[in-house]
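Presented below is the structure to which this report refers.
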Amino acid sequence: MSSSIASSSSSSSSSSKKEKKISLKTSDGEVFEVEEPVAMQLEIVRSFFADNEDVTEQTVMPLPNVSTAAMHGILEYCRAHEEFRRRMPEAAPEEEVRAFEAGYVDRKSNEELKEMILAANYLNISKLLDFLTGVAAKRIENKSVEYVRAFFGVENDFTPEEEANLRREYEWAFEGVDED
Amino acid sequence: MAFDCRCNLTTSKLPIKSSTKLCCPLSSPSDNKMSSCSTSSSTTKTADHASSGATTTTISAFHPDIIQTHILTRLDGPTLAAAACTSSQLQALSSDDKLWQEICTATWPSINDLRVSQVISTFPAGHRSFFSDSFPVLDHRRPSKQSVNCYSLLSTELISCVDIYYKDALILSKTRETETETGWFLCSPFRVDLLDPKESFRRR
């Protein structure tokens, strides 16, 4: 039995059978031992191992742009999808995937979501990036300018007049926005 | 039965007001829900929420690339408008006509027509103008703020873009051009035939 989908335990090398593991080191120095098929979903890892002949199983690949917290989230998603693929190689069980994904993001705050988007972009996991950015778009739907600004983490560099003009131009869009 | 009829009647041959779009209430048979529409030109209501503060500092700021290619492309019209008001960089990114074109054609598939595209491209902000002028039409609950004085528009031609949805499924999408100068048009009640006499309404 493989470990359950939800668990994102990383460095439990004891339970591994003969499965090949790949070591990934996050920005804060934690090393994750990741099952090969899961790690290969990270395009940056796949190309690193494909392009470097001299890497061995002992090679620890550094991922300086990914925090430990983001890595836990990334691996949870990739492990779940590997599990779906293993059980149903032909076609993913759509409803189950949707249920997993809904529960998966429900637990994430906006900050966690953003951190994972940055990580998924850096690690080049297009499926996860598409999914997370879709979630991000949904989260800012029908929200105020202030909310969207805070979400994107951008600085308001308009003069008060410029902003007032813009808001007037887009006035049609701001009736009935949700509470932040 | 609730039909959702999204219609845009676009004036063309433009020397008139730059982005004039004329939408007229269409007569609706039985209980079909038709959108009655109005021009939404320049309303001068002041922005009611012009507060500047309340910014929570964020740890992770997105790279503009991610915002541009992955997030802006997934936003609906009002959210894209909100994004445009957040910062000058995002304003520039959000003004890309392709984004608005995508939103417009997803909302009104009938405008995916060469002639209509040509007319829209002459609007001051292209598809963005088209969307903001037509947006009030989408909200059935909102009463029209202004009624249209059809006589003040001196266009030589009308283009009607009509998309009819039934239970969120598109069942009819048509574009019709109508000249507005001959005596026949000027003396008759306003009427646009979307279907030819022998054409039937096919359900998908």
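First to last, the protein sequences are chains A and B. Count along the first sequence from 1, add 57, and you get the number used in the working numbering. Reminder that position 32 of the second sequence reads as 19 in the working numbering, one-by-one numbering, no gaps. The beta carbon of each residue, even a glycine, is placed where N, CA and C say it ideally should be. Please read these numbers as outputs of a predicted model, since none were measured by experiment.
*asked:* So, with DSSP's three-state summary, where would you put T190/A?
replied: Assigned with DSSP and collapsed to three states, T190/A falls in helix.
Worksheet item: Quick one, which of L59/B, H57/B, A48/B and T73/B has its alpha-carbon nearest P203/A's?
Response: Per the sequence shown, residue 203/A should be read as Glu rather than Pro. Residue T73/B is the option with its Cα nearest to E203/A.
With DSSP as the reference, please indicate the residues paired to L159/B in a beta bridge.
L159/B pairs with I151/B.
#### Entry: Three-state class that DSSP yields for V179/B in the structure shown
Coil at V179/B, not helix or strand.
Closer than 9 Å by beta-carbon distance: list the chain A residues that pair up with T66/B, in chain order. A194, I197, E198, N199, K200, V205 and A230, listed in chain order.
### Message
Tell me the rounded alpha-carbon separation between S27/B and S97/B.
### Response
Model confidence at S27/B stands at a pLDDT of 32, short of 50, so the residue's coordinates are unreliable; what they give is reported in the following sentence. Each residue's Cα considered, the two are about 20 Å apart.
| request: Quick one: list the residues of chain B neighbouring T190/A, beta-carbon separation under 8 Å, in chain order. | output: Listed along chain B are I53, H57, I58 and R61, each with a C-beta nearer than 8 Å to that of T190/A.
Simplified DSSP state of S80/A, which is helix, strand or coil | For S80/A, the three-state secondary structure derived from DSSP is strand.
task = Spell out the partners DSSP gives E147/A in its beta bridges.
result = Answer is none; E147/A lacks a bridge partner.
So, helix, strand or coil for F89/A, using DSSP? Per DSSP, reduced to three states, the secondary structure at F89/A is strand.
Three-state class that DSSP yields for I131/A in the structure shown:
Helix.
Classify W87/B: buried if its beta carbon has 16 or more other beta carbons within 10 angstroms, exposed otherwise.
Buried, by the Cβ-count rule.
_Once the 5 residues before and after T43/B are set aside, which same chain residues still bring their CB inside 7 Å of it?_
Because T43/B carries a pLDDT of 41, less than 50, the predicted location of this residue cannot be relied on, and no value is offered for it.
inquiry  = Within a Cβ cutoff of 7 Å, which residues of the same chain sit near V117/A, ignoring the five residues on either side of it in sequence?
reply    = Result list for V117/A: S80, K82 and V88, in chain order.
message: Output needed for I197/A: all residues of its chain with C-beta closer than 7 Å, excluding positions within five of it in sequence on either side, in chain order.
response: For I197/A, the CB contacts under 7 Å within the same chain, skipping 5 residues up- and downstream, are Y204, V205 and F208 in chain order.
Query raised in the report: How would you label D150/B, buried or exposed, when you count the other beta carbons within 10 angstroms and need 16 or more for buried?
Result: In this structure D150/B is buried. Its beta-carbon is surrounded by 16 or more other beta-carbon atoms within 10 angstroms.
Grab me the residues of N213/A's own chain with a C-beta within less than 8 Å of its C-beta, minus the 5 sequence neighbours each way, in chain order. Only R206 and E220 meet the Cβ criterion.
*asked:* Taking DSSP's pairing of strands, which residues face T165/B in a bridge?
replied: BP columns for T165/B point to L145/B.
message = Using a Cβ-Cβ cutoff of less than 6 Å, which residues in the same chain neighbour A96/A once the five nearest sequence positions on both sides are dropped?
response = Cβ contact annotation for A96/A (same chain, cutoff 6 Å, sequence separation greater than five): I79 and V102, in chain order.
Under DSSP, the beta strand (DSSP E) around M118/A begins and ends at which residues?
Unbroken beta strand (DSSP E) run through M118/A: V117 to P119.
Kindly indicate if chain A contains any beta-carbon less than 8 Å away from that of Q105/B. No - not a single Cβ of chain A is within 8 Å of the one on Q105/B.
With a threshold of 8 Å on Cβ separation, who are the neighbours of Y179/A within its own chain once the five nearest residues in sequence on each side are excluded? Apart from the 5 residues on each side of it in sequence, Y179/A sits with its Cβ closer than 8 Å to the Cβ of I101, L120, N122 and V123 in its chain, given in chain order.
Express the C-alpha separation of S84/A and S104/A in angstroms, rounding to a whole number. Cα-Cα distance, rounded: 20 Å.
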